[in-house]
Amino acid sequence: MSRTYTYSGGRTQTQKASKFYAVANSPEGAVGIYTSWGECKNLVKDENDNWHKSAKMKSFTSRDEAEKWMDQNAGPNWRMGTSDGGSATASHGGPIRPDRQQYRQGPYDKAGGGGGSAAAAGSTTGLRHGSAGPNAIEVYSDGACENNGKPNAMAGWGVWFGQGDDKNCCGRMYGKQTNQRAELFAAVKALELCRDSRGLPVRLFTDSQYTIKCVSEWIQRWRSNGWKNANKDPVSNQDLVKTLDALIRERNGFGMSMLEMVHVKGHSGNEGNDKADELAVIGTQLPEPTLEDPIIAEMTAMF
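Under numbering that gives the first Met the number 0, think of the first position of the sequence shown as 0, with each following residue one higher.
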């Protein structure tokens, strides 16, 4: 079981993306533009830090250059979730521009940010999954990993509901220590903490495009392929993806539009994201759990 710490204070920080990682092909089908190496490393490298044979990626210092390269190497339709340039079926690149019609636009794109006092103006990207409607519970989740991709990696998760909220908490990641697993598990814990108010809608903010796309774009293909990727290998992190999907389905079982996932820019001055990040960093320094978290077994058995 994860050791969980409650937390209500800390610092904030602002940092602009300095690189854009364009992924034109990967075994998981995760095609798109990412703003952090930790977000895409596990999509193009295996557990031994070797490049997947089908992976195709390049980093750039500007988004325009990255988009031009994607047009040439992933095909002109990569923004719409299709690709002409690889064996894997592509998905939508991100962060997504607000004018993409397949993503619902709402008040979180307007000046003032994402729906509550904790959100900073301009911190959301337009990438969303679902619709929670008004008066939703708002929660931020984040993952962190020190020495990501190395044998001595230490991953942690953080969940932040608001200043002084007794549900604010963090913990160390169980099992394999990676940034992507920590991001997924943070979202899992956020929804688990909302289970005592299942009749209310939830709006979950995360800076992980990977987390949102796992349950909004890629999961149907993975299911139909028997949870195998394009290389016929098991899909990475499927224990967490299945658990997150089960929690979403559980909540949506109480009514339509009960959960909305919103992508926010990391380290953009968004108070909620910064606080969740601080918690996740604290989590990396906590003792590593020796057992799988109980929520994983419960939810995977349910669906």
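Where a beta carbon is used, it is the ideal one built from N, C-alpha and C, also for glycine.
Through-space distance from Cys168 to Leu278, alpha-carbon basis
7 Å
Taking 8 Å as the threshold, find out whether the stretch 148 to 165 comes into contact with the stretch 223 to 239 through three or more Cβ pairs.
no
Tell me which residue opens and which closes the beta strand (DSSP E) that Lys264 is part of.
That residue, Lys264, is in no beta strand (DSSP E); it is neither H nor E in DSSP.
Tell me whether the stretch 231 to 250 and the stretch 55 to 74 touch, counting them as touching only if at least three CB pairs, one residue from each stretch, are closer than 8 Å.
no
Secondary structure, beta strand (DSSP E): runs of 3+ residues fully inside the stretch 181 to 227
201 to 205
Please classify Ala185: is it buried, with 16 or more other beta-carbons within 10 angstroms of its beta-carbon, or exposed?
buried
Let me confirm a value: Asp83 is counted as buried when at least 16 other C-beta atoms fall within 10 Å, else exposed. Which label applies?
Unreliable placement is indicated for Asp83, whose pLDDT of 34 sits below 50; no coordinate value is reported for it.
Going by alpha carbons, who is nearest to His266 out of Ile295, Thr34, Val214, Asn49?
Thr34
Would you call the stretch 168 to 177 in contact with the stretch 272 to 291, where contact means no fewer than 3 C-beta pairs closer than 8 Å?
yes
Status (buried if at least 16 other CB within 10 Å, exposed otherwise) for Lys241:
buried
Answer yes or no: do Met257 and Leu192 have a C-beta to C-beta separation smaller than 9 Å?
no
By DSSP's criteria, Pro233 is part of a beta bridge. Which residues make up the other side?
Lys227
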